[in-house]
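Below is one structure; the comments refer to it alone.
Residue numbers (this note's numbering): 823 to 1437.
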């Protein structure tokens, strides 16, 4: 049931913020049976797409498929609100195939809100949280600006860009969590007072254009796949319109205008404090840093089915309004374009994530979990993945159960969180397929097979979906056994299928009995991939087994790194600050050498033996 609740009531989990992280956190906690409260400044901006109107993309699509396999919402919601679906990188190997969808940003938000409103165990509340409740060294909830306290056994902060947010537009500075919305004040002060390190990051947005003023006739259209492939494993078919994006390009005149205005940019002048995203640079940064490039590609992305607004992807900037107008109108096809929303930069507080456990609970304050941009990431998908894991582990903690921590060999989500707590990046973190060393095992097409067993164990996968997965597994196993046992012209059908360009459909023309295999499209894809890449897959599995012993060697939480003078000074400092949970994590910290790890292993084993004797 949903509805209002008294401020003095104790919940199992309270989630602060209803962006992409907060929605997933509240949803999964409620589904786990936790009495959950979602508190947000404005209930009309739930799951608002502050930046680009799209879900998925390179590596991000893998995250969305994993969120869905674990019982999350993002995949289902984009299937219901997308306006174009496309599989990226289809010309390359399956390890880097990534789904992406343009979204109707208004419909996406509305669909997400309705899903939360209909969820048992979840209460929604519009309020502005300004501080933490701490008792006995634990976080026991939050308080809002009216003085109302929301008490909970576990608290999840998913504050996005709102903590002390400041919008930058040329030399204009406006306190805001995003354009037109107030910042969240007070929480950062509480975190600092509790001993947390809090720093600043900056991210930028591009202008939005009036589509009716764009000359599409001179631009290159880009359409989605037909038929579209769903994100969610529970979606049977997508029946949504296919609305094209268009490709445009900057030119030398554009670059001249940007260079002439670069000193007015909040980013380039240094007025916008905080590290900026390296992998999503502003147009002024691209023009200044890559003077040899005569043109940069732009994607004009429609914001929805019932609006004329167009997102100018690639024109991220913090230039003054008049400079943005001149820049936009220098581009072919945009000579008469009207800007309906100017691009801007936003600086905000974040908590460097070395202060987190792999469960996303803070080390310093039990009961407090962090998810999303507060941990230094960028992107809806990265935020949603963290929100799901933070909400899930908060709900488990509230009932006294052990957390779920995914390994780097299990999921992109595992890679994401391990990178955050181990490497603790000081610039906005973005997921790439290159960050996943086992990406051939972590494909978007097998997320259900990898992660649904976790969801089933936790009660997040219903009988119907679980039955479908079991049927799929049987069909794959039967098909592989069949192909191994049948021969054509002296070669097994497995050997035939491994030939370049060969598919099961083509193999059926050589061996008609193949046509009798009862395989869904998804199962057929799995059989082809597993047969063709079997050697590479087995090699990666062997690498996982070799490294698993390191990952299983736990480092005691109070281990005294400072006392190990045999380690390099840099290794001692970083190990003491980041406090890795395992030797595997320690080995991935920059500045910790293999020799340091070998010495650390000896001392950890000695400490564990001593601790075992003491117990």
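Each residue gets a CB set at the ideal place from its N, CA and C atoms; glycine is no exception.
Simplified DSSP state of residue i, which is helix, strand or coil
| i | result |
| --- | --- |
| residue 905 | strand |
| residue 1043 | strand |
| residue 1304 | helix |
| residue 1395 | helix |
| residue 847 | helix |
| residue 1161 | strand |
| residue 825 | With a pLDDT of only 34 at residue 825, under the threshold of 50, the placement of this residue in the model should not be trusted, and no figure is reported. |
| residue 837 | strand |
| residue 895 | coil |
| residue 976 | strand |
| residue 1058 | coil |
| residue 778 | Because the chain here runs from 823 to 1437, residue 778 falls outside it and cannot be looked at. |
| residue 1282 | coil |
| residue 1404 | strand |
| residue 910 | strand |
| residue 1436 | With a pLDDT of only 38 at residue 1436, under 50, the local geometry of the prediction cannot be trusted, and no value is derived from it. |
| residue 1249 | coil |
| residue 968 | coil |
| residue 1355 | coil |
| residue 1174 | coil |
| residue 1425 | helix |
Sequence-distant residues of its chain with Cβ nearer than 7 angstroms to residue i (five each side left out)
| i | result |
| --- | --- |
| residue 1132 | 1030, 1031, 1033, 1036, 1122, 1123, 1124 and 1125 |
| residue 1427 | none |
| residue 832 | 973 and 974 |
| residue 1051 | 907, 909 and 921 |
| residue 1396 | 1411, 1413 and 1414 |
| residue 1399 | 1176 |
Inter-residue CB distance, residue i and residue j (contact presumed, cutoff 8 angstroms)
| i | j | result |
| --- | --- | --- |
| residue 953 | residue 1170 | Not quite, the Cβ-Cβ distance comes to about 17 angstroms (not below 8 angstroms), so this is no contact. |
| residue 1407 | residue 1255 | At roughly 21 angstroms, the Cβ-Cβ gap does not stay under 8 angstroms, so residue 1407 and residue 1255 are not in contact. |
| residue 1083 | residue 1159 | Going by Cβ atoms, the distance from residue 1083 to residue 1159 rounds to 18 angstroms, so no, they are not a contact pair. |
| residue 854 | residue 840 | Wrong, their Cβ atoms sit about 18 angstroms apart, outside the cutoff. |
| residue 1189 | residue 961 | 4 angstroms |
| residue 1251 | residue 1241 | 7 angstroms |
| residue 1094 | residue 1088 | 4 angstroms |
| residue 865 | residue 948 | 5 angstroms |
| residue 1017 | residue 1006 | Not quite, the Cβ-Cβ distance comes to about 20 angstroms (not below 8 angstroms), so this is no contact. |
Own chain residues within Cβ distance below 6 angstroms of residue i, not counting five before or after
| i | result |
| --- | --- |
| residue 935 | 868 |
| residue 856 | 834, 835, 1217 and 1220 |
| residue 1345 | 1294, 1297 and 1298 |
| residue 1308 | 1315 |
| residue 887 | 1266 and 1269 |
Residue(s) in a DSSP beta bridge with residue i
| i | result |
| --- | --- |
| residue 990 | 995 and 1167 |
| residue 1067 | 1044 |
| residue 961 | 956 |
| residue 944 | 858 |
| residue 1349 | Paired residues: none, contrary to the question. |
| residue 1118 | Answer by DSSP bridge pairing: none, since residue 1118 is not bridged. |
| residue 1342 | The partner list for residue 1342 (beta bridge, DSSP) is empty, contrary to what the question assumes. |
| residue 1027 | 1139 |
| residue 1000 | 1003 |
| residue 877 | 923 |
| residue 1097 | 1023 |
| residue 1314 | 1309 |
Contact under 8 angstroms by Cβ, residue i with residue j
| i | j | result |
| --- | --- | --- |
| residue 897 | residue 905 | no |
| residue 1314 | residue 1306 | yes |
| residue 990 | residue 1140 | yes |
| residue 852 | residue 1216 | no |
| residue 1202 | residue 842 | yes |
| residue 903 | residue 940 | no |
| residue 1195 | residue 983 | yes |
| residue 1236 | residue 1229 | yes |
| residue 1220 | residue 1193 | no |
| residue 1165 | residue 1041 | no |
| residue 892 | residue 1253 | no |
| residue 1267 | residue 1331 | no |
| residue 1422 | residue 1389 | yes |
| residue 980 | residue 847 | yes |
| residue 1209 | residue 1172 | no |
| residue 1392 | residue 1174 | no |
| residue 1238 | residue 1204 | yes |
| residue 805 | residue 967 | Only positions 823 to 1437 of the chain appear in this structure, which leaves residue 805 out of reach. |
| residue 782 | residue 1273 | Lying outside 823 to 1437, the shown extent of the chain, residue 782 is not represented and no answer is given. |
| residue 873 | residue 1024 | no |
| residue 1214 | residue 1055 | no |
Beta-carbon contacts of residue i that lie in its chain and below 8 angstroms, excluding the five residues immediately before and after
| i | result |
| --- | --- |
| residue 1120 | 1069, 1070, 1071, 1072, 1134, 1135, 1136, 1137 and 1153 |
| residue 1063 | 905 and 1127 |
Minimum Cβ-Cβ distance from residue i to chain B less than 8 angstroms
| i | result |
| --- | --- |
| residue 1373 | Of the chains in the structure shown, none is chain B; there is only one protein chain. |
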